[in-house]
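Novice:
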Amino acid sequence: MTLWHLLAAVALIGPVFSSLQTAHSLNTGLGGYAASALSGVLLGFVFSAILWLTTKRVFLRFTTSSATMQTLMAVLIFSTDILWITMAVWSAECSCPALLHAI
Amino acid sequence: MRDATRTRNTVNSGLADVSEAQTFEGSRDSVTGYGTPCDGGPIDPGVDPTTTETVAPGPPEPASPEPEPDPGDNSSPPTSSSNAGSQTEPPRTGTRTGYCFVKGLLNGGVGTAGAAILTVAVATGAAPEVVSAGLLVAGGAGAALLVRDFMHSGIGGRAYDIGLFLGGAAVGGASTFGVRYAITGETNLSTGIVDFLGVNKVLDPRLGNPVGAFKKGPDLLGGAAALLGAGSGASLLGKGYCQ
Numbered sequence: 063m064t065l066w067h068l069l070a071a072v073a074l075i076g077p078v079f080s081s082l083q084t085a086h087s088l089n090t091g092l093g094g095y096a097a098s099a100l101s102g103v104l105l106g107f108v109f110s111a112i113l114w115l116t117t118k119r120v121f122l123r124f125t126t127s128s129a130t131m132q133t134l135m136a137v138l139i140f141s142t143d144i145l146w147i148t149m150a151v152w153s154a155e156c157s158c159p160a161l162l163h164a165i
Numbered sequence: 465m466r467d468a469t470r471t472r473n474t475v476n477s478g479l480a481d482v483s484e485a486q487t488f489e490g491s492r493d494s495v496t497g498y499g500t501p502c503d504g505g506p507i508d509p510g511v512d513p514t515t516t517e518t519v520a521p522g523p524p525e526p527a528s529p530e531p532e533p534d535p536g537d538n539s540s541p542p543t544s545s546s547n548a549g550s551q552t553e554p555p556r557t558g559t560r561t562g563y564c565f566v567k568g569l570l571n572g573g574v575g576t577a578g579a580a581i582l583t584v585a586v587a588t589g590a591a592p593e594v595v596s597a598g599l600l601v602a603g604g605a606g607a608a609l610l611v612r613d614f615m616h617s618g619i620g621g622r623a624y625d626i627g628l629f630l631g632g633a634a635v636g637g638a639s640t641f642g643v644r645y646a647i648t649g650e651t652n653l654s655t656g657i658v659d660f661l662g663v664n665k666v667l668d669p670r671l672g673n674p675v676g677a678f679k680k681g682p683d684l685l686g687g688a689a690a691l692l693g694a695g696s697g698a699s700l701l702g703k704g705y706c707q
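Chains as they are written, first to last, in our numbering: chain A, 63 to 165; chain B, 465 to 707.
Here it is as structure tokens:
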């Protein structure tokens, strides 16, 4: 289990928590919680899969590069992944009220 | 609703005793330090809008009557009508930020140490892949909570979160080798950041699958990050004053 696995897990879990917290703050009923959890899981899967596949592709591209270049890319990707996770949490937070309003 | 009438001596200036009769008709029977619509001060939002205050006619008040402070009220009420509402307690943002940062630093360190001890305790009786998967879920959930909390906190809360992160990173980094050893019994560990990020496991399909990664246990950086996440997530409960 590496840091990369952990980042993918955070990208998966973060939107779920965010959706549930938003539903809690909106005082929705049981159906609202279920819809929020479902949308959070879907968003989490999408964001996590994109993070996983993109990171893998970028690492594969720099396989033949020097060790310094690989290290630099690793740090850059780690920073980008943190931003990506923040975006995942934020998007779940924004989409959840809209979804609940539509329902 | 009940009526309460009380009279109090507010000023004894030497010239004359000024008595003020106040009649309150509302849901509360104590005078707070908040201003009223009469003196231009801010209205307590908690007051029942039907509350009325009637001041009995009497001799005019002197220019600067200091109201008696309510011992249970820590707010600073306006002292004159000219600048009522604009005078507030000076902000002590720096002190609060520093306090919250140190508090987060300590709580993050303690929480991460607790997570490390718990992981070692579980590792004595569970398989490496089970411990790794549990650590991954706990770390991921804690980190997600920390990210969300950071997005929604004020300056004190963010200082607390940064303190949590640094304290957790320090303790997690210091304890990750021992945790890893407790899980897998392995001491020959790589130290390159590329290995930590799992690039070798990506390139080798035999090790790139999650089960294989879990069987090998957490590597040093992944274990430290997972411990940091788990400890920080638990330490968010102790945020208290730092919001």
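Glycine included, C-beta positions come from ideal geometry on N, C-alpha and C.
In this text, all values refer to a predicted model and were calculated from it rather than measured experimentally.
Roughly how far, in whole angstroms, is the beta-carbon of B:G681 from the beta-carbon of B:P592, given that I think they are within contact range, below 8 Å?
Specialist: Counted from its first residue, the second sequence places residue 681 of chain B at position 217. Counted from its first residue, the second sequence places residue 592 of chain B at position 128. About 5 Å separates the two Cβ atoms, so the contact holds.
Novice: Return the chain-ordered list of same chain residues with a C-beta closer than 8 Å to the C-beta of A:M135, the five sequence neighbours on each side being excluded.
Specialist: To locate residue 135 of chain A, count along the first sequence from 1; it is residue 73. Taken in chain order, the residues that qualify are V120, F121, F124 and S127.
Novice: Taking just the CA atoms, how far does B:D625 sit from B:S696?
Specialist: Sequence index remark: in the second sequence, residue 696 of chain B carries index 232 (1-based). Sequence index remark: in the second sequence, residue 625 of chain B carries index 161 (1-based). So the alpha carbons of these two residues sit roughly 8 Å apart.
Novice: Report the rounded CA-to-CA distance for B:G562 versus B:K679, giving the unit in angstroms.
Specialist: One-based indexing of the second sequence puts residue 562 of chain B at position 98. One-based indexing of the second sequence puts residue 679 of chain B at position 215. Roughly 42 Å between the two C-alpha positions.
Novice: With DSSP collapsed to three states, give me the class of A:M135.
Specialist: For the purposes of this step, residue 135 of chain A is taken as the residue at position 73 of the first sequence. DSSP places A:M135 in helix when its eight states are reduced to three.
Novice: Shorter than 9 Å from the beta carbon of A:L65 to some beta carbon of chain B?
Specialist: Locating residue 65 of chain A in the first sequence gives position 3, counting from the first residue. Yes - at least one Cβ of chain B is within 9 Å of the one on A:L65.
Novice: Measuring only between beta-carbons, confirm whether B:S617 sits less than 9 Å from chain A.
Specialist: Taking the first residue of the second sequence as position 1, residue 617 of chain B is located at position 153. Taking Cβ atoms only, chain A never reaches closer than 9 Å to B:S617, which makes this a no.
Novice: Tell whether a beta-carbon distance below 9 Å holds between B:L692 and B:G632.
Specialist: Residue 692 of chain B sits at position 228 when you count from the first residue of the second sequence. Residue 632 of chain B sits at position 168 when you count from the first residue of the second sequence. Yes. Within cutoff.
Novice: Between B:G568 and B:T583, is the Cβ-Cβ spacing less than 9 Å?
Specialist: On the second sequence, position 104 is the one that residue 568 of chain B refers to. On the second sequence, position 119 is the one that residue 583 of chain B refers to. Cβ atoms of B:G568 and B:T583: not closer than 9 Å.
Novice: Would you mind reading off the limits of the alpha helix (DSSP H) that contains A:S87?
Specialist: The residue labelled residue 87 of chain A in the question sits at position 25 within the first sequence. That run of the alpha helix (DSSP H) goes L65 to S87.
Novice: Would you mind stating whether A:A71 and A:A85 have Cβ atoms separated by less than 9 Å?
Specialist: Taking the first residue of the first sequence as 1, we reach residue 71 of chain A at position 9. Taking the first residue of the first sequence as 1, we reach residue 85 of chain A at position 23. Contact: no.
Novice: Considering B:I626, what are the terminal residues of the alpha helix (DSSP H) in which it resides?
Specialist: Locating residue 626 of chain B in the second sequence gives position 162, where the first residue counts as 1. Element bounds for B:I626: I619 to T648.
Novice: In terms of alpha-carbon separation, which member of B:A694, B:F629, B:N652 and B:A608 lies closest to A:D143?
Specialist: Position 81 of the first sequence, counting from 1, holds the residue named residue 143 of chain A. The shortest C-alpha separation from A:D143 is found at B:A608.
Novice: Would you decide whether A:Q132 is buried or exposed? Buried here means 16 or more other CB atoms lie within 10 Å of its CB.
Specialist: In the first sequence, counting from the first residue as 1, residue 132 of chain A sits at position 70. By the neighbour-count rule (16 or more Cβ atoms within 10 Å), A:Q132 is buried.
Novice: Return the chain-ordered list of same chain residues with a C-beta closer than 7 Å to the C-beta of A:I165, the five sequence neighbours on each side being excluded.
Specialist: Indexing the first sequence from 1 puts residue 165 of chain A at position 103. Contacts found: A97.
Novice: Check B:C706 in the structure and name its three-state DSSP category.
Specialist: The count along the second sequence starts at 1 and reaches residue 706 of chain B at position 242. In the structure shown, B:C706 sits in coil (DSSP, three-state: anything other than H, G, I, E or B).
Novice: Mind listing which residues of the segment 688 to 699 of chain B have their C-beta closer than 8 Å to chain A's C-betas, in chain order?
Specialist: Listed in sequence order: A689, A690 and G693.
Novice: Using C-beta distances below 6 Å, list every residue in its chain close to B:G606, excluding the 5 sequence neighbours before and after it, in chain order.
Specialist: The sequence position of residue 606 of chain B within the second sequence is 142, counting from 1. Only G693, A694, S696 and G697 meet the Cβ criterion.
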